[in-house]
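Numbering (our numbering), first residue to last: 30 to 350.
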């Protein structure tokens, strides 16, 4: 009888232990999946499918670092002041700052190192809260994780973990910069001028109409050419220059950094592309080379008419030769 009771007691203890383990498993929350954050879903689709095929395309391998990190001057030395704006971006609600010199201003928005946003979940048919954190380790990739239902303490611990995550690539694949800030960032760093905090991987312009004054003051306008590949295919552009495309309304619509015989361009929120010729860029932005044959007169004027070439305004900066 004692053996039977002892056996039953062991079985009972085993059952209780199993129930205890199951209770703990159910009580624990699943740790959210941490993924590389893409600036847009379109960018992720491009990277996954490799659908961009162009014989002039040299690479699309992300944010190529320019310069060697040794600066002899800084953009901030040539500004009167930088002050916070009393408004934020309509989309994303990011803080805006005003870089002021003389009577001109360049407004720029800054993407915070840590931010929250919501994504639509089609399966659950609701919006999911997402945490995005920039890693503090080079190349400073951003990571994202769904944090719906997590406590603030859990989110804080997750944030600290994401700040120490290593990137799956050696190069930063993308950033919020559009073409103008990308070209200017590459231009200044190549010339040994630090553009921080105005132009960084996490800033972008807020008002395009302010860019022309910035180009004219902080760079040197050296040449104009027709925005037509047939007429510029043999042009020798100055090395380390910025080529700006201007439409028929005298509005700048795109900028390219020319370096070591290659054209570096970034279209909106997509990853940068490097071309061996300017042809594909003019095909996308020029009124003469664009394949849209049925464009109205207004539509053609919206496309590029002129190429403006900008080089270093060496009389403005203090550079060691």
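Glycine is no exception: its CB is placed at the ideal position from the N, C-alpha and C atoms.
(Q) Tell me which residue opens and which closes the beta strand (DSSP E) that residue 184 is part of. (A) As a position in the chain shown, residue 184 is number 155, starting the count at 1. Per DSSP, residue 184 belongs to no beta strand (DSSP E); it is in the alpha helix (DSSP H), 181–192.
Q: Please state whether DSSP places residue 258 in a helix, a strand or coil.
A: Indexing the chain shown from 1 puts residue 258 at position 229. Helix.
Q. How big is the Cα-Cα spacing for residue 124 and residue 132?
A. Your numbering for residue 124 matches position 95 in the chain shown. Your numbering for residue 132 matches position 103 in the chain shown. Roughly 22 Å between the two C-alpha positions.
(Q) Taking 8 Å as the cut-off, does the segment 82–96 touch the segment 200–219 (at least 3 CB pairs, one atom from each stretch)? (A) yes
(Q) Buried or exposed, going by whether 16 or more other CB atoms sit within 10 Å of the CB of residue 165? (A) By one-based count along the chain shown, residue 165 stands at place 136. When all chains shown are included, residue 165 counts as exposed.
Q: Quick one: grab the DSSP three-state call for residue 289.
A: What you label residue 289 is simply residue 260 of the chain shown in a count that begins at 1. Here residue 289 sits in coil by DSSP.
Q: Kindly list the residues whose CB is nearer than 8 Å to the CB of residue 195, restricted to its own chain and excluding five residues on each side of it in sequence; keep chain order.
A: If you number the chain shown from 1, residue 195 lands on position 166. Contacts found: 164, 166.
Q: Taking only runs that begin and end inside the segment 205–288, name each unbroken beta strand (DSSP E) of 3 or more residues, in chain order.
A: 232–234, 248–255, 270–276, 281–288
Q: Report the three-state DSSP secondary structure of residue 337 (helix, strand or coil).
A: Sequence index remark: in the chain shown, residue 337 carries index 308 (1-based). Residue 337 falls in the strand class under three-state DSSP.
Q | Continuous beta strand (DSSP E) stretch holding residue 156: start and end | A | Along the chain shown, read from residue 1 onward, the residue named residue 156 stands at position 127. Start and end: 155–163.
(Q) For residue 332, count the other beta carbons within 10 Å of its own beta carbon; 16 or more makes it buried, fewer makes it exposed. Which is it? (A) Residue mapping note: residue 332 aligns to position 303 of the chain shown, counting from 1. That one is buried.
Q. Excluding the five sequence neighbours on either side, which residues of its own chain have a C-beta within less than 8 Å of the C-beta of residue 134, listed in chain order?
A. Mapped onto the chain shown, residue 134 falls at position 105. Taken in chain order, the residues that qualify are 127, 128, 239.
Q.
Checking 8 Å against the spacing of the C-beta atoms, do residue 87 and residue 314 come in under that value?
A. Taking the first residue of the chain shown as position 1, residue 87 is located at position 58. Taking the first residue of the chain shown as position 1, residue 314 is located at position 285. Cβ distance not < 8 Å, so residue 87 and residue 314 don't count as in contact.
Q. Residue 171 to residue 326, Cα distance in whole Å?
A. Taking the first residue of the chain shown as 1, we reach residue 171 at position 142. Taking the first residue of the chain shown as 1, we reach residue 326 at position 297. Going from the Cα of residue 171 to the Cα of residue 326 covers about 42 Å.
(Q) Rounded to the nearest angstrom, what separates residue 288 and residue 330 at their Cα positions? (A) Working through the chain shown from its first residue, we reach residue 288 at position 259. Working through the chain shown from its first residue, we reach residue 330 at position 301. Roughly 29 Å separates the two Cα atoms.
Q.
Using only the alpha-carbon positions, how far apart do residue 217 and residue 151 sit?
A. Here the question's residue 217 lines up with position 188 in the chain shown. Here the question's residue 151 lines up with position 122 in the chain shown. Answer to the nearest angstrom: the Cα atoms are 43 Å apart.
Q. In chain order, which beta strand (DSSP E) runs of at least 3 residues are fully inside the segment 129–153?
A. 133–139, 143–150
Q: Compute the Euclidean distance between the alpha carbons of residue 254 and residue 335, then round it to the nearest angstrom.
A: The residue given as residue 254 occupies position 225 in the chain shown. The residue given as residue 335 occupies position 306 in the chain shown. Going by the C-alpha atoms only, they are around 6 Å apart.
Q. Do you know whose CA, among 208, 231, 213, lies nearest residue 297's CA?
A. In the chain shown, the residue the question calls residue 297 occupies position 268. Of 208, 231, 213, the residue nearest in Cα terms is 208.
Q.
For residue 307 and residue 338, what's the separation of their Cα atoms in angstroms?
A. In the chain shown, counting from the first residue as 1, residue 307 sits at position 278. In the chain shown, counting from the first residue as 1, residue 338 sits at position 309. Using only the alpha carbons, I get a separation of about 13 Å.
Q: Look at the alpha carbon of residue 181 and the alpha carbon of residue 168, and state the distance between them as a whole number of angstroms.
A: Sequence index remark: in the chain shown, residue 181 carries index 152 (1-based). Sequence index remark: in the chain shown, residue 168 carries index 139 (1-based). The alpha-carbon atoms of residue 181 and residue 168 are separated by roughly 28 Å.
Q) To which residues of the same chain is residue 111 closer than 8 Å at the C-beta, ignoring the five residues directly before and after it? A) Stepping through the chain shown from its first residue, residue 111 is reached at position 82. Taken in chain order, the residues that qualify are 105, 126, 127, 128, 129, 226, 227.
Q: Let me know if residue 230 comes out buried or exposed under the rule of 16 or more other beta-carbons within 10 Å of its beta-carbon.
A: Within the chain shown, the letter at position 201 stands for residue 230. Looking at its Cβ environment, which holds 16 or more other Cβ atoms inside 10 Å, residue 230 is buried.
Q) Grouping DSSP H, G and I as helix and E and B as strand, with all else coil, what is residue 86? A) Counting from 1 along the chain shown, the entry for residue 86 is found at position 57. Strand at residue 86.
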